[in-house]
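Engineer:
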Amino acid sequence: MVSRSLFCFVLCVCSITATAQQKPIVDYDNEVKPFFAKFCNECHSVDALEAGIRTDHSHLENGFVDNRKNWLKVYDMMRFKAMPPEEAEQPSDAERELVTQWLDQQLNSVDCDKVRNPGAVTIRRLNRLEYNNTIRDLFGIDFRPADDFPSDDVGEGFDNIGDVLTLSPLLMEKYLDAAEQVAERVVLVQDGENQEDREIALASFKLTGSGVVRGGALAFVSKGEGQVILEAPFDGRYTIRLNLGADQAGSELAKMVFQIDQRPEQTMTISAMKGTPRDYDFDLQLKAGKHSLRIGFVNDFYNPKATDPARRDRNLYCFQVNLIGPEVIPQEALTKLQKDILAVEVKPGSEATKAAARILTPIISRAFRRNVDPAHISAYGNLVNVVMNENESFARGIQVALSSILVSPRFLFRVEGHREVKDKVRTIDDYELASRLSYFLWSSMPDDRLLSLAFSGELKKPRILEGEVERMLIDPRASGLTEGFATQWLNLRNLDEVTPAPKFNFSDSIRLSMKTETMMFFEEVMRRNRSVIDFLDGKFTFVNEELAQHYGLENVSGDEFRLVSLTDTPRFGVLTHGSILTLTSQPNRTSPVMRGKWIMENILGTTPPDPPEDVPEIDEKKAESGESSFRQQLEIHRESVVCASCHNHMDPLGFGFENYDAVGRFRTRDGKFPVDPSGVLPTGEEFKGTEQLVKILTQREDEFARALTTRLLTFALGRGLEYYDRCAIDKITEAAKKDGYRFHSLVKQIVFSDPFLKRKIDGEE
18 MVSRSLFCFV LCVCSITATA QQKPIVDYDN EVKPFFAKFC NECHSVDALE
68 AGIRTDHSHL ENGFVDNRKN WLKVYDMMRF KAMPPEEAEQ PSDAERELVT
118 QWLDQQLNSV DCDKVRNPGA VTIRRLNRLE YNNTIRDLFG IDFRPADDFP
168 SDDVGEGFDN IGDVLTLSPL LMEKYLDAAE QVAERVVLVQ DGENQEDREI
218 ALASFKLTGS GVVRGGALAF VSKGEGQVIL EAPFDGRYTI RLNLGADQAG
268 SELAKMVFQI DQRPEQTMTI SAMKGTPRDY DFDLQLKAGK HSLRIGFVND
318 FYNPKATDPA RRDRNLYCFQ VNLIGPEVIP QEALTKLQKD ILAVEVKPGS
368 EATKAAARIL TPIISRAFRR NVDPAHISAY GNLVNVVMNE NESFARGIQV
418 ALSSILVSPR FLFRVEGHRE VKDKVRTIDD YELASRLSYF LWSSMPDDRL
468 LSLAFSGELK KPRILEGEVE RMLIDPRASG LTEGFATQWL NLRNLDEVTP
518 APKFNFSDSI RLSMKTETMM FFEEVMRRNR SVIDFLDGKF TFVNEELAQH
568 YGLENVSGDE FRLVSLTDTP RFGVLTHGSI LTLTSQPNRT SPVMRGKWIM
618 ENILGTTPPD PPEDVPEIDE KKAESGESSF RQQLEIHRES VVCASCHNHM
668 DPLGFGFENY DAVGRFRTRD GKFPVDPSGV LPTGEEFKGT EQLVKILTQR
718 EDEFARALTT RLLTFALGRG LEYYDRCAID KITEAAKKDG YRFHSLVKQI
768 VFSDPFLKRK IDGEE
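So the mapping is simple: the numbering used here equals the position in the sequence shown, first residue as 1, plus 17.
1. Taking 8 Å as the cut-off, is the C-beta of residue 329 nearer than that to any heavy atom in the ligand SAH?
2. I need the DSSP call for residue 352, collapsed to helix, strand or coil.
3. How should residue 766 be labelled, buried or exposed, when 16 other C-beta atoms within 10 angstroms of its C-beta is the threshold for buried?
4. With C-beta atoms as the reference, is residue 257 less than 9 Å away from residue 340?
5. Comparing alpha-carbon positions, which option in 168, 527, 308, 330 lies nearest residue 238?
6. Which residues in the same chain as residue 328 place their Cβ atom closer than 6 Å to its Cβ, once the five residues preceding and following it in sequence are excluded?
7. Any idea which residues DSSP pairs residue 531 with across the strands?
8. Below 8 Å, can you find three or more Cβ-Cβ pairs linking the stretch 388–402 to the stretch 362–373?
9. So residue 696 and residue 673 are supposed to be a Cβ contact under 8 Å. How far apart are they, rounded?
10. For residue 447, tell me which candidate among 592, 433, 615 has the shortest Cα-Cα distance.
11. DSSP three-state label for residue 65, please.
12. Check the DSSP bridge columns for residue 696 and list the partner residues they point to.
13. Does the Cβ of residue 345 have 16 or more other Cβ atoms within 10 Å, making it buried, or fewer, making it exposed?
14. For residue 515, tell me which candidate among 532, 506, 501, 305 has the shortest Cα-Cα distance.
15. Whose C-beta lies closer than 7 Å to the C-beta of residue 182 among residues of the same chain, with five residues either side of it excluded?
16. Determine, using beta-carbon pairs with one atom in the stretch 193–201 and one in the stretch 382–389, whether at least three such pairs fall under 8 Å.
17. Which runs of the alpha helix (DSSP H), 4 residues or longer, sit entirely within the stretch 502–549?
18. Could you tell me if residue 283 is buried or exposed, where buried requires 16 or more neighbouring beta carbons within 10 angstroms of its beta carbon?
19. Taking the alpha-carbon positions, what's the residue 146 to residue 397 distance?
20. When you compare the CB positions of residue 730 and residue 753, do they come within less than 9 Å of one another, or not?
21. Quick test of the definition: if touching needs 3 or more C-beta pairs under 8 Å, does the stretch 593–603 touch the stretch 524–543?
22. Under 8 Å: do the stretch 312–325 and the stretch 272–292 share three or more Cβ pairs, one atom per stretch?
23. So, for residue 187: in the same chain, excluding its five sequence neighbours on each side, which residues have a beta-carbon less than 7 Å away from its beta-carbon?
24. For residue 349, decide whether its Cβ has a neighbour in chain D, counting only Cβ atoms nearer than 9 Å.
25. Could you tell me whether the stretch 577–584 touches the stretch 543–559, where touching means 3 or more Cβ pairs closer than 8 Å?
26. Can you look up residue 334 in the DSSP assignment and give me helix, strand or coil?
27. For residue 96, name the three-state secondary structure that DSSP assigns.
28. Are the CB atoms of residue 178 and residue 622 within a distance shorter than 9 Å?
29. Around the C-beta of residue 675, are 16 or more other C-beta atoms found within 10 angstroms, so that it is buried, or is it exposed?
30. If you reduce the DSSP assignment to three classes, tell me which class residue 409 lands in.
31. Between residue 38 and residue 114, what straight-line distance do the alpha-carbon atoms span, to the nearest angstrom?
32. Just to confirm, is the Cβ distance from residue 310 to residue 253 under 9 Å?
33. For residue 306, name the three-state secondary structure that DSSP assigns.
34. Using the Cα positions of residue 29 and residue 119, report the straight-line distance between them to the nearest angstrom.
35. Given a threshold of 16 other Cβ atoms within 10 Å of its Cβ, counted over all protein chains shown, does residue 761 qualify as buried or as exposed?
36. Within 10 angstroms of its Cβ, does residue 777 collect 16 or more other Cβ (buried), or is it exposed?
Below is the structure:
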C-alpha cells in the first residue's frame, strides 16, 4: 500500500526541524547509517523498494544528491511527526531528532551551499483576472471582457502558473473580440458613428418562471420574466431595442412588460409573429452606470381544443436586445484620450502617422509594460494611416491600432528577456521587476509610478523597493491579491460548487456573505499589516445582519458588512468562518476528514497521500440512520491499519471543529448525540474543543508561516516550487518571524528573495 509505505518510510525521519544555522555535528557512520539499517532499509532498499523510496544509498557519493526531491518530500512530512504502523518498532525521540538534523544539514548543504538556483519562469499569458484588471488600469474603464473567456487551467493550486496557461484557438478568437470591444469603448468615432450599439448576451439574463434560452431566443411559454444589468458609459439619451415575436393565440395579442430600474412599468402589445419578428424601441434618459432591465410575458394563453391548431398556445420570444447610444456625449464626460483623438484634424499621410504615434506612444509603453522602440511605435502609426486611406476617420484608425496592440504577444504575455549571462543566472531588469510586483500584489499592470522608477533605474534600490511594496499593499488595487491569491489559497472559489442539503436552508445570499466575510478578513490582515497568525486565532470578523444571525451574533443590522469583535464567542480566525466550514463538509453532514485534510494542506502545508483504491468508504446510510454518531462510524473505519495511517493525522484536526455544522452554525448536539470535539494529535497534544485546538495550532506558528510563505511565493513567481527554493523559504520565514510574522514583512521578504529578483535562463537546471 503506497500510503502505508510512505508513512512507514517517514519513520526514518520524523519531525523536529532544525534550522539552517544550527547545523549540528552528526556522525553518519555511527548514528545515522545504523538508524536506517534498523528502522528503514528492510522496506526501503534496492531489494525492497516500497513507495519507490530507498534509504540504503545515502552513503553513496551521489545517493543523496540524485534523490534530493524525495528526501525533501520526506523532510516536509516530518513536521507532522508521522508515525509508522503501531506494530512496527519505534525509534526514540532523540533518534528521530538526530536523523532530522542530519537531513536538514544535508538539504541545506546540497541546496543552499552548492546549488544556488533562483528558478526559471515560463513565459505566460495573462489569466482572466489579470486581463480584466489590466484593461481597467490601462484605460480607466469598468469593462470585464475576460469574463467571457474560457476558464484558466490551474496548477500548483493557482491559475497564474505559466506551465498550464495554454492558448487555445477559442481563446485567441476571444482575444480578437475583446480587443475590438475595448477599442470601441475607449475611442469614440464621430460622424454619427458615436452611438455605440451594444448587443446584450441573452445568456446573461437571469430568468424566472417559464423563461429559458432556446433556439437563439429568450422563450416564454407561460408567464415568466428575464432580468439583466445594462451599463451606460455616459449620461445621455439611449434606445433599448428588443427584437420580438410571438405565437399568437386566443382573442388578444401577446403582451410584454418592460421596466428599467424602479421606474414605472410599461406594457406593450406584441403583434409580430415568431417567424417574422420585428424591433421594438424604448427611448429613455440614463445616467452613466449600471441599470437593471426587466422584461416579462404577462398574458399566457393555452387552449388545446381551439379549432385552429396554430392558435392554441400563446408564447413570447425575444431574439435580440441592444443598448444604443447615447445620442450626444457631453464634452465634460469625455476622457483626455478621447478629447485628444477628436481634436486631431489631419489627412492621410505623414502628419497622420506622426499624430497617431504621439497619441499611441504612452498607451503602447503602458500596455507592453516597458519603453518601446520608436520603430514599433511607428508601425502602429502607419497602421492608422492605412485605415485612413480606406476613407475611414483618424479616430477609426486609432481604434484599429488599439485592437492590434491588445492582441500583441507583448500585451497578452508576461515576457522576460532571454539574455546570455556567464553563470546562466541573471538579475531581472527594472521593468521586469515592476511587472512582477504589480501582477503579484495587484493582479494587474504596473502603474505610472512603477514604470517611471523602472525607467530611471531606481526601482531596485532597497529603500525605494521597500517603499513601493508598502504603497502597493494599501492601494485599492491590492484587492487583486485577495481575489487572485486568497480565494485560491483558502479554496473559496470552490464554495460556489457546494450545495448543502435542503434541511440547512442554505441560500445564495448567505453563500455570498460567507465569501465576503473571508475576503474582507484577508484584506484587513493585508492592509493593516496584522500578523498572519490572525488567520488562525484572530478574534474579529466582518458580518452583515444575515451572517450575524447565522452565527448567532447580536446587535448587527442591515446589509452592510462591519468589523465585529468575537470576544466571548466560539469563533477564531478563518478556521471557523462559514465559508471554510461549508466547503469542507458533505452536503448532508460535516466531514472531519475533509476539514482535517484542509487544515493539513492550507494551514500546516502538508498534503496527505491519496487513500489506496481498495479502502472501503464509510456507509453513509448507516451513518444517517441515527443508530450511532458519525464519529463512531469513523472510528470503525479507522480500525483498518491502512486507513488509520492517514486518518490519525486528519481526523483529530477535523473533530476539533465538530461544534460547527455543515454550514458553519455552532451546535452542541448532532441529532440525538452530543457533539464530541475532543481529540489527540499524533504529536501527543490533547484538546477538548476548538479553542484548545486553535491554541495548539497557534503554537505551531512557524509551520503555518512557512506553509503560507510557500503558497505566496508560488503565486508570486507563477511557477511550482522546486527543491532549491527551500533555501529562500527558510530565509524569508526567519526574517519575517523577527517582525512577528506581519503580513507586509512576509511580502517584502518574498520580494527581496533571489527567486523573485533573479531568474535562471530557460533550459538550465
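Glycine included, each C-beta is placed from N, C-alpha and C at the ideal position.
Structural biologist: Taking the coordinates as given:
1. No copy of the ligand SAH appears in this structure; indeed no ligand is present at all.
2. Looking up residue 352 in the sequence shown gives position 335. Of the three classes helix, strand and coil, the one that applies to residue 352 here is coil, per DSSP.
3. Numbered from its first residue, the sequence shown carries residue 766 at position 749. Flag for residue 766 reads buried.
4. Looking up residue 257 in the sequence shown gives position 240. Looking up residue 340 in the sequence shown gives position 323. A contact, by the Cβ cut-off of 9 Å.
5. Working through the sequence shown from its first residue, we reach residue 238 at position 221. If we check each option's Cα against that of residue 238, 330 comes out closest.
6. Here residue 328 refers to the residue found at position 311 when the sequence shown is read from its first residue. Here the set comprises 266.
7. Position 514 of the sequence shown, counted from the first residue, corresponds to residue 531. Residue 531 is not bridged to any residue.
8. yes
9. Taking the first residue of the sequence shown as 1, we reach residue 696 at position 679. Taking the first residue of the sequence shown as 1, we reach residue 673 at position 656. The pair is a contact, with the Cβ atoms about 6 Å apart (cut-off 8 Å).
10. Indexing the sequence shown from 1 puts residue 447 at position 430. Closest by alpha carbon: 433.
11. Counting from one through the sequence shown, the residue named residue 65 turns up at place 48. Strand.
12. Reading the sequence shown from its first residue, position 679 is the one you call residue 696. DSSP, once it has assigned bridges, lists 704 as partnering residue 696.
13. On the sequence shown, residue 345 is found 328 positions in, with the first residue counted as 1. Exposed, because fewer than 16 other Cβ atoms sit within 10 Å of the Cβ of residue 345.
14. Taking the first residue of the sequence shown as 1, we reach residue 515 at position 498. Of 532, 506, 501, 305, the residue nearest in Cα terms is 532.
15. Along the sequence shown, read from residue 1 onward, the residue named residue 182 stands at position 165. So the qualifying residues of the chain are 141, 142, 144, 169, 170.
16. no
17. 525–544
18. Numbered from 1 along the sequence shown, position 266 holds the residue referred to as residue 283. That one is exposed.
19. The residue labelled residue 146 in the question sits at position 129 within the sequence shown. The residue labelled residue 397 in the question sits at position 380 within the sequence shown. Their Cα atoms are separated by approximately 27 Å.
20. In the sequence shown, residue 730 corresponds to position 713, counting from 1. In the sequence shown, residue 753 corresponds to position 736, counting from 1. The answer is no: Cβ separation not under 9 Å.
21. yes
22. yes
23. Locating residue 187 in the sequence shown gives position 170, where the first residue counts as 1. Spatial neighbours of residue 187 in its own chain (CB-CB distance under 7 Å, excluding positions within 5 residues in sequence) are listed in chain order as 167.
24. No chain D is present in this structure, which holds just one protein chain.
25. yes
26. Here residue 334 corresponds to residue number 317 of the sequence shown, with the count starting at 1. Residue state, collapsed to three classes: strand.
27. Counting from 1 along the sequence shown, the entry for residue 96 is found at position 79. Any reading at residue 96 must be qualified, since the residue scores a pLDDT of 49, below 50, and its modelled position is unreliable; no value is offered.
28. As a first step, residue 622 is located in the sequence shown; it is residue number 605 there, counting from the start. As a first step, residue 178 is located in the sequence shown; it is residue number 161 there, counting from the start. No, these two residues do not count as a Cβ contact at 9 Å.
29. Position 658 of the sequence shown, counted from the start, is the residue given in the question as residue 675. Burial call: buried.
30. Looking up residue 409 in the sequence shown gives position 392. It is coil, neither helix nor strand.
31. In the sequence shown, the residue the question calls residue 38 occupies position 21. In the sequence shown, the residue the question calls residue 114 occupies position 97. Because the pLDDT at residue 38 is just 42, under 50, the model does not fix this residue reliably, and the value given afterwards should be weighed accordingly. So the two alpha carbons sit approximately 16 Å from each other.
32. Counted from its first residue, the sequence shown places residue 310 at position 293. Counted from its first residue, the sequence shown places residue 253 at position 236. For residue 310 and residue 253, no; Cβs fall outside 9 Å.
33. What you label residue 306 is simply residue 289 of the sequence shown in a count that begins at 1. Correct three-state label for residue 306: strand.
34. For the purposes of this step, residue 29 is identified with residue 12 of the sequence shown, where counting begins at 1. For the purposes of this step, residue 119 is identified with residue 102 of the sequence shown, where counting begins at 1. Here the model assigns residue 29 a pLDDT of 41, short of 50, so the residue's position is not dependable, and the following value carries that caveat. If you take the alpha carbons of residue 29 and residue 119, they lie about 11 Å apart.
35. As a working note, residue 761 is residue 744 in the sequence shown. Classification for residue 761: buried.
36. Sequence index remark: in the sequence shown, residue 777 carries index 760 (1-based). When all chains shown are included, residue 777 counts as buried.
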